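Here the structure is laid out as structure tokens; the discussion comes afterwards.
Numbering (our numbering), first residue to last: 11 to 166.
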């Protein structure tokens, strides 16, 4: 159950929106932030706040790559696989990350620290290949950079 203060803030966001669907992504992101991922309970709470069915909220949630319908690591790594990053060998970057983390795409490292997810364009086409770790963007990424970034992120 979401805290009353968060519920009031979300109700305010929904009320300020022209349509409830306009507020849907913000509501889902806030609930995800609270729970760590968009749990079934959170989907139900979002549906209630938005006046939608849980199925409609789930459909929206599964459309957006940054909304997680299953548990994720403490930091999510997104690797851009759009055309610019693909031309800049993002597949090599992804292969290096899979080997370093011991996971396949969509998997979470054994220590629960990182979840690896490919994603569409990150808007960094001029600096490809690109990735983000915990929301921090990185461009012109090389395997050597990945090793340094992972080490820095592990140290916190």
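Ideal Cβ placement from N, Cα and C applies to all residues, glycine included.
The structure presented is a predicted model; accordingly, all values stated were derived computationally and were not measured.
List the endpoints of the continuous alpha helix (DSSP H) containing residue i.
| i | result |
| --- | --- |
| residue 70 | 64 to 73 |
| residue 60 | 50 to 60 |
Kindly indicate which three-state DSSP category residue i falls into: helix, strand or coil?
| i | result |
| --- | --- |
| residue 138 | coil |
| residue 35 | helix |
| residue 30 | helix |
| residue 98 | coil |
| residue 83 | coil |
| residue 45 | helix |
Looking only at its own chain, which residues have a Cβ that is under 6 Å from the Cβ of residue i, when we skip the five neighbours before and after it?
| i | result |
| --- | --- |
| residue 52 | 41 and 45 |
| residue 91 | 100 and 128 |
So which of the options has the shortest CA-CA distance to residue i?
| i | options | result |
| --- | --- | --- |
| residue 162 | 131, 112 and 85 | 85 |
| residue 68 | 97, 38, 12 and 91 | 38 |
| residue 100 | 66, 18, 150 and 23 | 150 |
| residue 80 | 13, 153, 43 and 139 | 43 |
| residue 34 | 71, 15 and 109 | 71 |
| residue 96 | 165, 117, 75 and 135 | 135 |
For residue i, which beta-bridge partners are listed by DSSP?
| i | result |
| --- | --- |
| residue 88 | 127 and 142 |
| residue 147 | 142 |
| residue 152 | Partner(s): none; residue 152 has no beta bridge. |
| residue 118 | 125 |
Here's a check: name, in chain order, each residue in its chain whose Cβ is nearer than 7 Å to the Cβ of residue i, leaving out the five neighbours to either side.
| i | result |
| --- | --- |
| residue 61 | 30 |
| residue 159 | 143 and 148 |
| residue 111 | 119, 124 and 126 |
For residue i, which residues of its own chain have a beta-carbon under 8 Å away from its beta-carbon, when the five flanking residues on both sides are left out?
| i | result |
| --- | --- |
| residue 137 | 149 and 150 |
| residue 155 | 148 |
| residue 115 | 104, 108, 126, 127 and 128 |
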